[in-house]
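Since the structure comes first, as structure tokens, the remarks are kept for the end.
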Amino acid sequence: MVTSPAPFLGQCPYCGVGCGLELFPPKEASNSISWSARGDRKHPSSLGQVCVKGATIGATLHQNRLTAPLWREQLDQPFTPISWDQAFELLVAQIQKILATKGPSGLAVYGSGQFLTEDYYLAQKLFKGYLGCNHFDANSRLCMSSAVAGYSRSLGSDGPPCCYDDLDVANLVFLIGTNTAECHPVLWQRLIKRKRRNPNDLRIIVVDPRCTATASEADLHLAIKPGTDLFLLHGIAQLLVSNNIIDHGFVAAATHGYAELTDQLFAYTPQRVSDICGIDESQLHKLLEYWQASDAVLSAWSMGVNQSVEGSATVSAIINLHLISGQICKPGAGPFSLTGQPNAMGGREAGGLSQLLPGYRTVTDPLHRIELEHHWNLPEGSIAPEAGRDVWQQVEAMERGELGLWWVAATNPLVSLPSLDRVRAAVQNCPFVVLSEAYAGTETADVAHLLLPAAQWSEKQGVMTNSERRVTLCQAFRDPPGLARADWAIFAELGRRLGFFSAFDYSQSSDVYAEFVAITTGRVCDMAGLSHSLLADHGPQQWPFPLHTLPGGGAARLYCDKRFPTKSGRARLLWDPPFGLAEPPCDAYPLILTVGRYLGHWHTMTRTALVPKLMQQHPEALLEVNPLDAEHVGLNEGDWAEIRSRRGMVCARVQISKKIRPGTVFLPMHWGASQQNHCEANRLMHELGCPYSKQPELKAAAVSISRQV
Ligand SMILES: Nc1nc2c(c(=O)[nH]1)N[C@H]1C(S)=C(S)[C@@H](COP(=O)(O)OP(=O)(O)OC[C@H]3O[C@@H](n4cnc5c(=O)[nH]c(N)nc54)[C@H](O)[C@@H]3O)O[C@H]1N2
Ligand SMILES: Nc1nc2c(c(=O)[nH]1)N[C@H]1C(S)=C(S)[C@@H](COP(=O)(O)OP(=O)(O)OC[C@H]3O[C@@H](n4cnc5c(=O)[nH]c(N)nc54)[C@H](O)[C@@H]3O)O[C@H]1N2
Ligand code: SF4
Ligand SMILES: [Mo]
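Sequential numbering of the sequence shown, starting at 117, is according to the working numbering.
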């Protein structure tokens, strides 16, 4: 009998569900050079399930790749291929020149939740440690930053306390600002299968201005006006208090601030809240009925909450509900942020935002800086004591001509940042833009001087952490195309060439990981017991996983002892007054545009546009409009519409649908300038963000629509 070789294993490199994949090489008999992927039944997070994106990942790996470093001095020149030696010489010369003339504030790096943890960690060590430059930010600023701030403010540390098994035991699942069915499909399937099997055992509530695929299966859909979540959540808290659905024992033993919170809540009557949110008051009473009848309540949220000027406050208001009703620290209950990118969690662990340091530490904490300086063999005082520039501050710094180098890696900001025309203009003021990219021809490459070909997932070994704190080793199973190199290896070589030879002398990524996990000892995200070899031998593991933990012994849930990582050990009940949208609709721009995702596309489509099946599923961007709004401006199904905001205009074909509430229109985020039928939604969006998390309000801008003439 011929046994087929064991498949390669990894975590799906798309969404934060982090499904386990088995990868198989192209069949010799076929002409195809595509690898194929299927669900890994042994992966505890996904048990063999995958969605259409994970299943088709193999077809995207070899096409349209960047294979050599490319250079041009001026943006109007064509690129010419250069060697890595030349690329590093250019980088070293520019960095040294900037450090000598402008200091570290002349450098900025913008990375991504699509890095492996090893990529992230070495970038922190090089920039924040050895170059004294905290200006490393990541696209998690646009994504999970409000969850980080919300967890830290309310519970004392970042770290989602829940796990996927909670979906199997919760009686009420409260989904707010998440289109789980399209964006976390495998989690959704797990939930909805249970619901269909036993409808009375589980209630689902969805809060979303659109009747998404998620909302259409809910027991209760609150189609609130965009930007009114914080009102709604205070209203729910008021209902819990006035109906005494309060766990007084838990509140007394494990929280601070109950009296101060309840003092503020009395004004949030069901009538006022339903008026402001634009829903029926009876829906609030129904919600209360479900909550009251449930032993275990799980909330899950994503970008409808985080991408708001009130993002962190809204996260804290969700957490408040769980704290006052004791729906936390037990199976099936708690506030669960669904992470977007495959390794957004690893990025947070490795300190990949401009205010963070590895191991859930912050740059403003003197003790944290000293711990890292010792770990990195640096003199005390090497790490700058102030938070670095977040990505929007990086854009503003370019506008003022203050940056001598902007290094973008594993993200495509010329599609995904708000106020795109302003970003495009700002970047022109930066004399040296570097882009580390896996694929050729992205929109950001148009504004870059130096392109570095990156080895991507499948071509480099390293770890990712999914939404439920589970760490998976992703094996390297293909050769990188041409001269492409792993991001961590690029940062390491640059470190050596900048003169820090022994600090960046790694031969393999497992050494980088070993150094990283050691610095998490004693932290909430302690994973000191993990290593590449343990993960290879025993499969994915959840943290906390301190030294000497046995395989499988990581904690499924955090804070089961009802102690929180604050000074007092108690969680904080926080009060933030709601104000609503930063840019409310007005006479000139009477509608609210919200921008999100389609099931079959991934972000700026560098991979998913390569899969014919996915392009057939979603060939173009559609503007979803309610029939009332369409009639008002004389738009019919299939017409081309012009959509205008204070910042610009884009066109899209109209899809008329009662599934979106009147006054709100929707566009997908996916189609950047380089795509056929492009529709750059973010030309319309503004950059104003949450004061705590600095996350821009990417879910709402005031627009007008009209028929294209
Ligand atoms: N198919 C697919 N899946 C993905 C991704 C992808 O590109 N494609 N990307 C991944 C990433 S990085 C992320 S961050 C996640 C995002 O996952 P989600 O957040 O679930 O996706 P979005 O479509 O961005 O937005 C979710 C919903 O928020 C709603 N919304 C808009 N405004 C408001 C509001 O004011 N209040 C409330 N309550 N809801 C509002 C929108 O109508 C939308 O249905 O998806 C991940 N998964
Ligand atoms: N209006 C609006 N705007 C949004 C959003 C929204 O909901 N509404 N969502 C925001 C959110 S949540 C997110 S996460 C962002 C996502 O936005 P982006 O991060 O800009 O989107 P991606 O297309 O995922 O970009 C990742 C890039 O990295 C490249 N890449 C893949 N693997 C590797 C690798 O290993 N190394 C290197 N160097 N490159 C690699 C890919 O080819 C791709 O070009 O968009 C944000 N923008
Ligand atoms: S649900 Fe997310 S992680 Fe799972 S296969 Fe789909 S895209 Fe990949
Ligand atoms: Mo995201």
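No residue lacks a Cβ here, since even glycine has one placed at the ideal position from N, Cα and C.
**Request:** Could you check if Ile149 is buried or exposed, using at least 16 other CB atoms within 10 Å of its CB as the buried criterion?
**Result:** exposed
**Asked** Taking Cβ positions, are Ile772 and Leu751 nearer each other than 9 Å?
**Response** yes
**According to DSSP, residues forming a beta bridge with Phe252** = Val225
**Prompt:** Is the beta carbon of Gln811 within less than 8 Å of some heavy atom of ligand 6?
**Reply:** With respect to small molecules bound, the structure shown includes ligand 1, ligand 2, ligand 3 and ligand 4 and not ligand 6.
**Prompt:** Within 8 Å: the Cβ of His719 and any heavy atom of ligand 2?
**Reply:** yes
**Request:** Considering only heavy atoms of ligand 3, list every residue whose Cβ is less than 5 Å from one of them, following chain order.
**Result:** Cys128, Tyr130, Cys131, Val133, Cys135, Val166, Cys167, Lys169, Gly170, Pro301, Val302
**Between the CA atoms of Pro129 and Thr330 - distance to the nearest angstrom** = 23 Å
**Request:** Output the residue ranges of the beta strand (DSSP E) runs that lie fully inside the stretch 728-791 and measure 3 residues or longer, sorted by chain position.
**Result:** 738-741, 756-761, 764-772, 780-784
**Message:** I need the straight-line Cα distance from Thr560 to Trp522, nearest angstrom please.
**Reply:** 12 Å
**Message:** Could you tell me the alpha carbon to alpha carbon distance between Cys641 and Val819, rounded to whole angstroms?
**Reply:** 42 Å
**Option in Tyr714, Pro743, Pro807 with minimal Cα separation from Cys131** = Tyr714
**Asked** Is the closest heavy atom of ligand 4 to the C-beta of Met419 under 8 Å?
**Response** yes
**Asked** Helix, strand or coil: which one does DSSP assign to His300?
**Response** coil
**Prompt:** Is it a yes or a no for the stretch 406-422 touching the stretch 258-267, going by three-plus beta-carbon pairs under 8 Å?
**Reply:** yes
**Request:** Would you be able to state if there are at least three C-beta pairs under 8 Å between the stretch 574-587 and the stretch 648-659?
**Result:** yes
**Request:** Return the residue from the list Leu666, Leu291, Gln240, Asp379 that minimises the CA-CA distance to Phe620.
**Result:** Gln240
**Prompt:** In terms of alpha-carbon separation, which member of Ala412, Ala592, Ala429, Cys806 lies closest to Gln443?
**Reply:** Ala412
**Request:** Kindly examine ligand 1 and report whether one of its heavy atoms sits closer than 8 Å to the Cβ of Cys795.
**Result:** no
**Message:** Would the stretch 302-309 count as touching the stretch 153-169 if we require 3 or more Cβ pairs under 8 Å?
**Reply:** yes
**Request:** Tell me whether Thr176 sits in a helix, a strand or coil according to DSSP, three-state version.
**Result:** helix
**Message:** Tell me the DSSP secondary structure of Tyr555 in three-state form.
**Reply:** strand
**Asked** Which same chain residues, not among the five before or five after Ile708, have their C-beta less than 6 Å away from its C-beta?
**Response** Pro342, Pro701, Thr780, Ala816
**Prompt:** According to DSSP, is Met580 helix, strand or coil?
**Reply:** strand
**Request:** Within its chain, find whatever has a CB closer than 8 Å to the CB of Pro482; leave out the 5 residues flanking it on each side and keep chain order.
**Result:** Pro501
**Prompt:** Between the C-alpha atoms of Val628 and Ala370, what's the straight-line distance to the nearest angstrom?
**Reply:** 38 Å
**Prompt:** Helix, strand or coil: how does DSSP classify Leu707 here?
**Reply:** strand
**Request:** Return helix, strand or coil for Phe243, following the three-state DSSP convention.
**Result:** helix
**Message:** Let me confirm a value: Cys676 is counted as buried when at least 16 other C-beta atoms fall within 10 Å, else exposed. Which label applies?
**Reply:** exposed
**Asked** From Leu551 to Leu567, what does the alpha carbon distance come to, in whole angstroms?
**Response** 5 Å
**Request:** Excluding the 5 residues preceding and the 5 following Thr176 in the sequence, name in chain order all residues of the same chain whose CB lies nearer than 8 Å to its CB.
**Result:** Arg723, Thr724, Leu726, Val727
**Item:** Residue closest to Val133, alpha-carbon to alpha-carbon, out of Thr682, Phe607, Arg586
**Value:** Arg586
**Prompt:** If Asn798 sits next to Leu614, beta carbons under 8 Å apart, how far is it from one beta carbon to the other, in whole angstroms?
**Reply:** So it is not a contact: roughly 34 Å between Cβ atoms.
**Message:** Measuring only from the beta carbon, is Ala460 closer than 8 Å to any heavy atom that is part of ligand 4?
**Reply:** yes
**Message:** Is the separation between the beta-carbon of Pro784 and that of Thr183 shorter than 9 Å?
**Reply:** no
**Prompt:** So does Gln791 have its beta carbon nearer than 8 Å to some heavy atom of ligand 2?
**Reply:** no
**Request:** With a 10 Å radius around its C-beta and 16 neighbouring C-beta atoms as the bar for buried, classify Gly174 as buried or exposed.
**Result:** buried
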